[in-house]
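In my numbering, the protein residues as written are 20 to 206. A virtual CB, placed ideally from N, CA and C, is assigned to each residue, including glycine. All values derive from a computational prediction rather than experimental measurement. Structure first, commentary second.
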């Protein structure tokens, strides 16, 4: 088959899948003669991949317990799978972020399909509104919130069960989403 008549392979870019993943990491200080059985620390971390998750875990250990990464030990790093159901829920995210003026505690609410999607939504919002990088934000907790406990008007607006959205004419525009797999813009 000649190169001109070969079919072009396309890959679809999926922007709905969250970049952030949830990891549960178990770690401790290295065993020594003075402390042969060190305390084990467990933390749930939201990060892009396991490398960033381990780095953030050691950052927390160093800040709270004065255990550096060179003197620390990762016992287990597991990715927490996302639930398979695709139902939109209300999430409340508590976090700490470092801005140009100092360190701030904050709480935001959003609607998402999963915990990772909620964290990803909050991180993108903070990047847009406050020019914050992912590394400047530490997630404290992510909670599912019932409608009665919502505090923010922006979240309540779309959380009601009677909300209806108009259905416009559906036009499939898949050609613009397809990117040739062998396409190299530098050539």
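Where the alpha helix (DSSP H) through residue i begins and ends
i: residue 81; result: 69–84
i: residue 178; result: 172–178
Residue environment, residue i, which counts as buried when at least 16 other CB atoms sit within 10 Å
i: residue 36; result: exposed
i: residue 156; result: buried
i: residue 39; result: buried
i: residue 84; result: exposed
i: residue 139; result: buried
i: residue 109; result: buried
i: residue 121; result: exposed
i: residue 86; result: buried
i: residue 99; result: exposed
i: residue 59; result: exposed
Beta-carbon gap between residue i and residue j smaller than 7 Å
i: residue 161; j: residue 112; result: yes
i: residue 137; j: residue 146; result: no
i: residue 128; j: residue 174; result: yes
i: residue 153; j: residue 142; result: yes
i: residue 69; j: residue 96; result: yes
i: residue 151; j: residue 126; result: no
i: residue 114; j: residue 159; result: yes
Range covered by the beta strand (DSSP E) that runs through residue i
i: residue 66; result: 59–66
i: residue 56; result: Neither: residue 56 is in no beta strand (DSSP E) and is coded neither H nor E.
i: residue 92; result: 91–98
i: residue 124; result: 121–131
i: residue 41; result: 40–48
i: residue 187; result: Note, residue 187: premise wrong, no beta strand (DSSP E); not H, not E.
i: residue 114; result: 108–118
Cutoff 7 Å; reference residue i; Cβ partners in own chain excluding five residues on either side
i: residue 64; result: 42, 44, 72, 75, 76
i: residue 93; result: 44, 46, 73
i: residue 57; result: 47, 48, 50
i: residue 149; result: 118
i: residue 62; result: 44, 76, 79
Sequence-distant residues of its chain with Cβ nearer than 6 Å to residue i (five each side left out)
i: residue 181; result: none
i: residue 49; result: 90, 92
i: residue 118; result: none
i: residue 166; result: 178
Cut-off 8 Å between Cβ atoms - residues of its own chain near residue i, not counting five sequence neighbours on either side
i: residue 67; result: 38, 39, 40, 153
Every unbroken beta strand (DSSP E) within the stretch 139–167, with a cutoff of 3 residues, ordered by chain: 156–163
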